[in-house]
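Undergrad: The first sequence: position 6 = 5 (numbering that gives the first Met the number 0), numbered continuously. Cβ atoms here follow ideal geometry from the backbone N, Cα and C, with glycine treated the same way. The structure presented is a predicted model; accordingly, all values stated were derived computationally and were not measured.
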Amino acid sequence: MSKLLEKDEREARTRRILDVIRDVPAGCVASYGQVAALAGLNNGARQVGRALRELPAGSDVPWYRIVTASGRLAFAVGSAPWHHQTKKLAQEGVVLKDQRIEMQHYRWQPDLDEILWKPSAAWD
DNA sequence: CTGATGACTATAG
DNA sequence: CCTATAGCCATCA
Numbered sequence: 000m001s002k003l004l005e006k007d008e009r010e011a012r013t014r015r016i017l018d019v020i021r022d023v024p025a026g027c028v029a030s031y032g033q034v035a036a037l038a039g040l041n042n043g044a045r046q047v048g049r050a051l052r053e054l055p056a057g058s059d060v061p062w063y064r065i066v067t068a069s070g071r072l073a074f075a076v077g078s079a080p081w082h083h084q085t086k087k088l089a090q091e092g093v094v095l096k097d098q099r100i101e102m103q104h105y106r107w108q109p110d111l112d113e114i115l116w117k118p119s120a121a122w123d
């Protein structure tokens, strides 16, 4: 039984992660770590990456709005998935500058997060 | 149980 | 800015 609960917990975490990502609005991006934090995970950036990796094709989850904390895509520059994600972001007006996104400009900042992500230094 | 892995991140040089 | 390193943590062999 404990094993079953463990599985439920694992799925609950994944569900929370995907729910957070679904809340990221078009034209904005969020980092893996940011999504993890909003999903209630501690140091769970890698778990977010895992959840996206196992995401079925055709999902309603906007996986492409998730990037690394430095504004780079998680895929190797120039790779097929890298181009794919770049294209999806461009459709929403999120453009890459020298292969990276200016996080200070595009990062999603949910209301309650304002005090946690100190946007003060974000708006040049 | 141990060690390797990876759609991560913060820090140091 | 970049590379190297060390944490981090669920999964898997």
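Name the one or two DSSP bridge partners that R106 has.
TA: Translated into the one-based positions of the first sequence, residue 106 becomes position 107. R106 is bridged to V28.
Undergrad: Quick check on DSSP: helix, strand or coil for V66?
TA: Position 67 of the first sequence, counted from the start, is the residue given in the question as residue 66. Three-state DSSP puts V66 in a strand.
Undergrad: Just to check my reading of the structure: V66 and I16 have Cβ atoms closer than 8 Å, yes? What is that Cβ distance to the nearest angstrom?
TA: Here residue 66 corresponds to residue number 67 of the first sequence, with the count starting at 1. Here residue 16 corresponds to residue number 17 of the first sequence, with the count starting at 1. That pair is no contact at about 15 Å.
Undergrad: With 16 as the cutoff for other CB atoms within 10 Å, does S69 come out buried or exposed?
TA: For the purposes of this step, residue 69 is taken as the residue at position 70 of the first sequence. S69 should be labelled exposed.
Undergrad: Per DSSP, what kind of secondary structure is L51 in: helix, strand or coil?
TA: Position 52 of the first sequence, counted from the start, is the residue given in the question as residue 51. Correct three-state label for L51: helix.
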